[in-house]
Amino acid sequence: GLRTLSMTTNGIALTRKLPKLKDCGLTSVNISLDTLVPAKFEFLTRRKGHEKVMNSINAAIDLGFNPVK
């Protein structure tokens with residue numbers, strides 16, 4: 001069987017979905033973050049959401065996903 005199951009996402013709507021994904025066997029996540037600067041993030045992505053992405057990254061780490069990239 002599979003030893004690892006990973007997904008790549010922008011992380012905008014991921015935080016609340018992470019526990020269920022973990023239960024389904026997801027082992028690692030790759031979350032795209034274009035910049036650490038919130039204003040630049042908004043400019044580059046043309047939307048607000050820097051805090052949501054950061055929350056997703058922190059939630060993934062807290063839930064034990066390995067690796068979180």
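Residue numbering for the sequence shown follows the UniProt record's numbering, starting at 1 and increasing by one per position. Glycine is no exception: its CB is placed at the ideal position from the N, C-alpha and C atoms.
In angstroms, rounded to a whole number, what distance separates the CA positions of residue i and residue j?
i, j, result
"G49", "F65", "22 Å"
"E42", "A60", "22 Å"
"D23", "L63", "11 Å"
"E51", "K69", "17 Å"
"S56", "I31", "8 Å"
"T45", "G1", "37 Å"
"P67", "S6", "9 Å"
Let me know if residue i comes out buried or exposed under the rule of 16 or more other beta-carbons within 10 Å of its beta-carbon.
i, result
"G11", "buried"
If you compare alpha carbons, which of the options is closest to residue i?
i, options, result
"N58", "L44, L33 and K40", "L33"
"L26", "L44, N55 and L14", "L14"
"T4", "S28, E42 and K17", "S28"
"V53", "R16, K20 and K22", "R16"
"T9", "R46, L18 and E42", "L18"
Uninterrupted alpha helix (DSSP H) stretches inside the UniProt domain "Radical SAM core" (3-67) (no shorter than 4 residues)
Within the UniProt domain "Radical SAM core" (3-67), the complete alpha helix (DSSP H) segments of 4 residues or longer fall at 18-23, 38-45 and 50-62, listed in chain order.
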